[in-house]
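Colleague:
Residue numbers (the numbering used here), protein chains in the order written: chain Y, 53 to 479; chain X, 53 to 479.
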C-alpha cells in the first residue's frame with residue numbers, strides 16, 4: 053500500500069492515474085472475427101465457440117428443458133436472495149419512469165417529449181469462475197420496465213456446454229426472451245450483424261474481458277449502441293474518525309478481489325484512520341480465498357491523507373470514481389459537492405456490495421473516469437427520447453416570421469419557403 | 053425521383069438504404085493531427101488553422117470587443133427572431149428537468165437518483181456558407197439549464213479571421229463561456245486534449261463535415277463523450293389525401309437543400325398525392341437558390357406507395373427517420389405507433405423548419421437509423437445520472453443475508469465479508 057501525505061494538486065493526476073491497456077493487438081483479432089461472423093453467420097459462431105470454449109453445438113439456443121433443469125438446480129436460499137434483489141431493483145428503476153413532458157411554447161405550438169423503448173437489446177453476461185447472475189438482474193429488470201421487446205442474452209458455455217444455473221434462473225425470472233450459449237467476440241459480432249440463430253440488436257449491454265470490451269467498441273462502428281466504455285472496476289473511500297476501520301478495510305478488499313488491476317483508494321483527513329485501516333487490511337487479507345488477486349490490487353492501492361474536506365472533495369472530483377463510499381462527520385458536504393461519481397454509498401452500514409447486489413441501485417457503472425461524462429445504467433439506458441410537435445394555424449402565424457428570418461440568415465431558402473407557403477395560404 | 057409501388061417487405065432494406073461513406077482515408081489524417089495537437093498544443097492548432105482556414109492568429113480566443121462589434125452588426129429583426137427561438141427552446145428544455153428520484157426499497161435502505169451537470173463541454177459550430185447560429189441555441193441553451201460550468205464554443209474563422217456575427221451574438225446570448233476561432237480536426241483535437249488556449253472538455257456536441265465527424269469518433273477513444281454519431285440529414289413524410297401537396301413538396305425540398313446526400317422519402321397510401329407532390333416539387337425546385345444541391349438529392353429521393361397505414365408504419369419503423377412528418381387522416385395511429393424517429397412533425401402547419409429553428413424542440417437529432425438506439429439532444433444530454441444509497445442498521449439487517457448468499461454464489465468472499473462484519477457488529 054502506498055501512503056501519501058498531503059500531495060500537491062499538481063501531482064494528483066499522476067497519483068490517481070489508472071492503468072492503461074494497449075488493445076492494438078487485440079483489435080486485429082476482433083476485426084477478423086467480426087468479418088467472418090458477418091459473412092458466415094452461425095457457421096463462424098460455431099467455429100469460434102469450438103476454438104475458444106471447446107464445445108461443439110447443434111443448437112446455440114438454450115432450450116426450455118435446460119432452463120427448467122437449471123431452475124430446479126438453484127438452491128432455495130439463493131432463489132429467495134435473487135427475488136429480494138430483483139424486487140428492490142424493480143422498485144428503484146420503476147420509479148425512474150418519466151411522464152410525457154408537454155409544453156405549449158407559444159400559443160398554437162404544442163411540443164412534447166416521450167421516451168420509447170429501444171426495441172431489441174442484447175445482454176452480455178461473462179462466464180468463467182464467477183457467474184454474474186447479479187448482472188442479469190441489473191440489465192434485464194430495467195429492460196423489462198422500459199418495455200424492450202426483444203431481450204437477448206448471450207453467455208459463454210462451460211466445457212460441458214452449459215450456462216451456470218443461477219444465470220438461467222435469473223434470466224427466465226426477469227423476462228429475457230432468448231438465451232444463447234455463445235460468448236466472447238463471436239457473441240458481440242452475432243448481436244451486431246445477426247445470424248441465423250442470433251438476433252441483430254440495437255444496443256448491447258454488459259461487462260466482459262478485454263476481447264468483449266474491444267468487440268463492443270467495434271460494434272459501435274456498425275451502428276449498434278453500447279451501454280458505456282468499460283475499464284477495470286474501482287472504489288474510492290473517503291473516511292475519517294467516525295468510520296469503523298474494519299468496515300473500511302472490508303470494502304477496500306471487496307473491490308480488490310475483483311482483479312489485480314482493480315483500483316482501490318482511501319482518502320482521509322485522519323492519519324489515525326489510515327493507519328488503522330492499513331492494519332485491518334493485513335488482518336482480513338489472510339482470510340480471503342481470492343487473497344492472491346486482492347493482494348496484488350492492494351499493493352497498488354493508495355491511502356491518501358489530505359488536510360481538510362475541501363481538498364478531499366476536489367481530489368475526488370478530479371478522479372471521478374465508479375464507486376464512492378462516504379463515511380465522515382461531514383457526509384452532507386460530500387453528497388452535495390460530488391460532481392463525478394458512478395454510485396455513492398453513505399455511512400458505516402452501506403458497503404459497496406449492497407449496491408452490487410441488492411439495495412436496488414444499478415451496479416453497471418462508469419469506470420476509468422467516465423463518471424465525468426457518462427451515466428451508470430438506469431431506466432433511460434433502455435429508451436430513447438423522442439420529440440413531437442404539432443403547430444396550429446395560429447401557431448405558425450406566431451412563429452413563422454422568426455423561422456423565415458433565421459432560415460434566410462442561414463442561407464436556407466427552401467426552409468424559409470416551407471413556412472412562407474403556409475403563411476400565404478392563411479392570408 | 054423514384055416512384056415505388058407496394059414494395060415487398062423483403063425489399064425494404066434495399067430501398068431504404070442510406071449512402072455509406074468510406075472514412076478509412078480520412079482516418080489517417082485525423083489521427084496524425086490528433087497526435088500533433090496532443091504533443092504541441094496551440095502550436096499545432098495554429099499550424100492547421102493556417103493550412104485549412106488560411107488565417108494566422110496571435111490569439112485564437114474571440115475578444116470582448118469582437119463580440120460587441122458582432123452584436124452591433126446583427127440586424128434587429130434577426131436578433132428578435134433568435135430571442136423568440138431561444139425563449140421557446142428554453143421553455144421546452146427547462147420542462148425536461150427531473151426531480152430527484154427517491155425510493156426506500158426496503159425499510160432502512162434509502163436509494164436515490166440525481167442528475168448532475170457534465171462540468172465541461174465543447175460545442176462545435178461549422179462555418180462555411182451557412183452559419184449555423186441556430187445550432188448554438190440548440191446546444192448552449194440546454195447546457196446552461198443543465199448547469200454546465202464551462203461551455204466552450206469552437207467555430208472556424210473565415211478568410212478574414214472572423215466568426216459570423218450571428219454565431220457570436222447567439223453564443224453570448226446563451227451563456228457560452230469561451231469562444232475560439234478554430235475549426236475542423238484541430239478544434240476537436242484541442243477540446244479532447246486541451247491546449248494552452250483550448251480547455252479540455254468531457255463531452256463534445258455539434259455537427260460538422262466528414263473530418264469533424266471522424267475526429268469526434270476518435271475523441272471517444274481518448275475518454276471524451278460525444279452527443280451522437282453523425283450522418284447525412286434525412287426526412288420521411290407520411291401523407292395522404294388530407295395533406296396539401298405544395299406543403300409536402302416544400303418540406304421535402306427543405307430537406308433536399310441541405311446536401312446532395314440528404315435523404316428524402318415520401319410514403320403514402322394515395323397515388324394521387326404522390327403524383328401531385330411530384331409535380332409540385334418540379335415547380336418549386338425552379339425557384340430555389342440551392343437548386344443544384346436540392347436537385348441531386350431529389351433525384352435519389354423515393355416516393356413510396358403502400359396499400360395501408362399499417363404497412364406504412366412498419367416500413368417507417370424499419371427506416372427510423374431523423375425527421376418524421378405525419379400528415380394523414382390517421383395521425384394518431386402513427387403518433388402512437390412510431391417506435392424509431394428523432395423528431396415528429398404533425399399536421400399541415402408543422403413544417404420541419406419549425407423544429408429546425410423555433411418551435412422549441414431540439415434539432416440535433418439521430419440520423420442514419422440511429423433513431424433506433426439514440427436520443428436526440430435533450431436536457432439529459434448535458435447531465436449524467438448518479439445514484440446514492442444510505443443504509444441504516446435496520447436496513448443492512450434486512451438485506452444483508454441476501455447479499456451474503458449472492459456474493460457467495462458468485463465466488464466473491466470479500467464482498468460477503470463486508471456484510472458479515474457489519475451484521476456481526478449489530479448482534
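All C-beta atoms in this analysis are idealised placements derived from N, C-alpha and C, irrespective of residue type, glycine included.
So, with DSSP's three-state summary, where would you put residue 169 (chain Y)?
Modeller: As a position in the first chain, residue 169 (chain Y) is number 117, starting the count at 1. In the structure shown, residue 169 (chain Y) sits in a strand (DSSP, three-state: E or B).
Colleague: Taking the alpha carbon of residue 266 (chain Y) as the reference point, which residue from Y:462, Y:455, Y:56 and Y:80 has its own alpha carbon closest?
Modeller: In the first chain, counting from the first residue as 1, residue 266 (chain Y) sits at position 214. With distances taken between Cα atoms, residue 266 (chain Y) lies closest to Y:80.
Colleague: Is the distance from the Cβ of residue 98 (chain X) to the Cβ of residue 89 (chain X) below 7 Å?
Modeller: If you number the second chain from 1, residue 98 (chain X) lands on position 46. If you number the second chain from 1, residue 89 (chain X) lands on position 37. The answer is no: Cβ separation not under 7 Å.
Colleague: Can you tell which of X:119, X:235, X:438 and X:178 has its C-alpha closest to the C-alpha of residue 227 (chain X)?
Modeller: Within the second chain, the letter at position 175 stands for residue 227 (chain X). It is X:119 whose Cα lies nearest to the Cα of residue 227 (chain X).
Colleague: Tell me which residue opens and which closes the beta strand (DSSP E) that residue 423 (chain Y) is part of.
Modeller: Here residue 423 (chain Y) refers to the residue found at position 371 of the first chain. From DSSP, residue 423 (chain Y) is part of no beta strand (DSSP E); its letter is neither H nor E.
Colleague: Could you spell out where the alpha helix (DSSP H) holding residue 395 (chain Y) opens and where it closes?
Modeller: In the first chain, counting from the first residue as 1, residue 395 (chain Y) sits at position 343. Premise fails: residue 395 (chain Y) lies in the beta strand (DSSP E), 395–398, not in any alpha helix (DSSP H).
Colleague: Let me check understanding here. Comparing Cα to Cα, which of X:440, X:101 and X:349 lies closest to residue 378 (chain Y)?
Modeller: Along the first chain, one-based indexing puts residue 378 (chain Y) at 326. Among X:440, X:101 and X:349, the Cα nearest to that of residue 378 (chain Y) is on X:440.
Colleague: Output the boundary residues of the beta strand (DSSP E) element that contains residue 207 (chain X).
Modeller: The residue given as residue 207 (chain X) occupies position 155 in the second chain. Run containing residue 207 (chain X): 202–207, per the beta strand (DSSP E) assignment.
Colleague: To the nearest whole angstrom, what separates the beta carbons of residue 189 (chain Y) and residue 141 (chain Y), a pair I think is in contact under 8 Å?
Modeller: Here residue 189 (chain Y) corresponds to residue number 137 of the first chain, with the count starting at 1. Here residue 141 (chain Y) corresponds to residue number 89 of the first chain, with the count starting at 1. Indeed they touch by this definition, with Cβ atoms about 6 Å apart.
Colleague: What runs of the beta strand (DSSP E), each 3 residues or longer, lie entirely inside the region 110–187 of chain Y?
Modeller: Qualifying beta strand (DSSP E) stretches, in chain order: 153–158, 161–169 and 172–176.
Colleague: Beta-carbon of residue 473 (chain X) versus every beta-carbon of chain Y: anything under 7 Å?
Modeller: Walking along the second chain from the start, residue 473 (chain X) turns up at place 421. Chain Y, which has a Cβ nearer than 7 Å to the Cβ of residue 473 (chain X), makes this yes.
Colleague: Nearest-angstrom Cα distance between residue 244 (chain X) and residue 206 (chain X)?
Modeller: Looking up residue 244 (chain X) in the second chain gives position 192. Looking up residue 206 (chain X) in the second chain gives position 154. Going by the C-alpha atoms only, they are around 12 Å apart.
Colleague: Would you say the region 209–219 of chain Y touches the region 100–110 of chain Y, given that touching needs at least three Cβ pairs under 8 Å?
Modeller: Judged by Cβ distances under 8 Å, the region 209–219 of chain Y makes contact with the region 100–110 of chain Y, as three or more pairs qualify.
Colleague: Anyone know if the C-beta pair for residue 285 (chain X) and residue 314 (chain X) falls short of 7 Å?
Modeller: As a working mapping, residue 285 (chain X) is identified with position 233 in the second chain. As a working mapping, residue 314 (chain X) is identified with position 262 in the second chain. Yes, they are a contact pair.
Colleague: Please classify residue 446 (chain X): is it buried, with 16 or more other beta-carbons within 10 angstroms of its beta-carbon, or exposed?
Modeller: Mapped onto the second chain, residue 446 (chain X) falls at position 394. Exposed, since its Cβ has fewer than 16 Cβ neighbours within 10 Å.
Colleague: Name the chain Y residues that come within less than 7 Å of residue 427 (chain X), Cβ to Cβ?
Modeller: Numbered from 1 along the second chain, position 375 holds the residue referred to as residue 427 (chain X). Simply 436 and 437.
Colleague: Verify the CB distance criterion: does residue 424 (chain X) have a CB-CB separation below 7 Å to chain Y?
Modeller: For the purposes of this step, residue 424 (chain X) is taken as residue 372 along the second chain, with counting starting at 1. Judged by the 7 Å Cβ criterion, residue 424 (chain X) is in contact with chain Y.
Colleague: Since residue 392 (chain Y) and residue 369 (chain Y) are thought to touch, with beta carbons under 8 Å apart, how far apart are those beta carbons, to the nearest angstrom?
Modeller: For the purposes of this step, residue 392 (chain Y) is taken as residue 340 along the first chain, with counting starting at 1. For the purposes of this step, residue 369 (chain Y) is taken as residue 317 along the first chain, with counting starting at 1. The pair is a contact, with the Cβ atoms about 5 Å apart (cut-off 8 Å).
Colleague: Chain X beta carbons: is any one of them nearer than 7 Å to that of residue 470 (chain Y)?
Modeller: In the first chain, counting from the first residue as 1, residue 470 (chain Y) sits at position 418. So, interface residue.
Colleague: Span of the alpha helix (DSSP H) holding residue 66 (chain Y)?
Modeller: Counted from its first residue, the first chain places residue 66 (chain Y) at position 14. 61–67 is the span of the alpha helix (DSSP H), which, as asked, contains residue 66 (chain Y).
Colleague: Give the straight-line distance between the Cα atoms of residue 133 (chain Y) and residue 344 (chain Y), rounded to the nearest whole angstrom.
Modeller: Sequence index remark: in the first chain, residue 133 (chain Y) carries index 81 (1-based). Sequence index remark: in the first chain, residue 344 (chain Y) carries index 292 (1-based). Taking the straight line joining both Cα atoms gives about 28 Å.
Colleague: Would you kindly check if the distance between the Cβ of residue 405 (chain Y) and the Cβ of residue 467 (chain X) is under 7 Å?
Modeller: Against the second chain, residue 467 (chain X) aligns to sequence position 415. Against the first chain, residue 405 (chain Y) aligns to sequence position 353. Yes, the pair counts as a contact, with Cβ atoms nearer than the cut-off.
Colleague: Output, in chain order, the set of chain X residues within a Cβ distance shorter than 8 Å of residue 71 (chain Y).
Modeller: In the first chain, residue 71 (chain Y) corresponds to position 19, counting from 1. None at all; the shortest Cβ gap to chain X is about 14 Å.
Colleague: Report the neighbours of residue 403 (chain X) on chain Y: residues whose CB is nearer than 7 Å to its CB, in chain order.
Modeller: Mapped onto the second chain, residue 403 (chain X) falls at position 351. 470, 471 and 474, listed in chain order.
Colleague: What span of residues does the beta strand (DSSP E) with residue 232 (chain X) cover, start to end?
Modeller: Working through the second chain from its first residue, we reach residue 232 (chain X) at position 180. First-last of the beta strand (DSSP E) with residue 232 (chain X): 230–233.
Colleague: Could you tell me if residue 448 (chain X) is buried or exposed, where buried requires 16 or more neighbouring beta carbons within 10 angstroms of its beta carbon?
Modeller: The residue you call residue 448 (chain X) lines up with position 396 of the second chain. Residue 448 (chain X) should be labelled buried.
Colleague: Count the other CB atoms within 10 Å of the CB of residue 121 (chain X); is the residue buried (16 or more) or exposed (fewer)?
Modeller: One-based indexing of the second chain puts residue 121 (chain X) at position 69. The residue is exposed, with fewer than 16 neighbouring Cβ atoms inside 10 Å.
Colleague: I want to verify the contact list: residues of chain X whose CB lies under 9 Å from the CB of residue 299 (chain Y), in sequence order.
Modeller: Along the first chain, one-based indexing puts residue 299 (chain Y) at 247. Residues of chain X passing the Cβ test: 470, 473, 474 and 477.
Colleague: What residue does the beta strand (DSSP E) around residue 291 (chain Y) start on, and which one ends it?
Modeller: Locating residue 291 (chain Y) in the first chain gives position 239, where the first residue counts as 1. Taken as a continuous stretch (DSSP letters only), the beta strand (DSSP E) holding residue 291 (chain Y) covers 286–291.
Colleague: Can you pull out the residues from the region 193–223 of chain Y whose beta carbon lies closer than 8 Å to at least one beta carbon of chain X?
Modeller: Within the region 193–223 of chain Y, the residues whose Cβ lies closer than 8 Å to some Cβ of chain X are 218, listed in chain order.
Colleague: Quick one: give me the first and last residue of the alpha helix (DSSP H) that residue 369 (chain X) is part of.
Modeller: In the second chain, residue 369 (chain X) corresponds to position 317, counting from 1. That run of the alpha helix (DSSP H) goes 361–371.
Colleague: Would you kindly work out how many angstroms separate the C-alpha atoms of residue 117 (chain X) and residue 235 (chain X), rounded to a whole number?
Modeller: As a working mapping, residue 117 (chain X) is identified with position 65 in the second chain. As a working mapping, residue 235 (chain X) is identified with position 183 in the second chain. Straight-line Cα distance between these residues: approximately 21 Å.
Colleague: Could you round the C-beta distance between residue 214 (chain Y) and residue 183 (chain Y) to whole angstroms and report it? I think they count as a contact, below 8 Å.
Modeller: Taking the first chain and counting its residues from 1, the one referred to as residue 214 (chain Y) is at position 162. Taking the first chain and counting its residues from 1, the one referred to as residue 183 (chain Y) is at position 131. Actually they do not touch by this definition, with Cβ atoms about 11 Å apart.
Colleague: Where are the alpha helix (DSSP H) runs, 4 residues long or more, that stay fully inside the region 297–334 of chain X, in chain order?
Modeller: The qualifying runs are 297–308.
Colleague: Mind listing the chain X neighbours of residue 163 (chain Y)? Cutoff is C-beta to C-beta under 7 Å, in chain order.
Modeller: The sequence position of residue 163 (chain Y) within the first chain is 111, counting from 1. Going along chain X in sequence order, the residues near residue 163 (chain Y) (Cβ under 7 Å) are 144, 411, 412 and 413.
Colleague: Looking at the C-beta of residue 186 (chain Y), does it have a partner C-beta in chain X at a distance below 7 Å?
Modeller: Translated into the one-based positions of the first chain, residue 186 (chain Y) becomes position 134. Yes, its Cβ sits closer than 7 Å to a Cβ of chain X.
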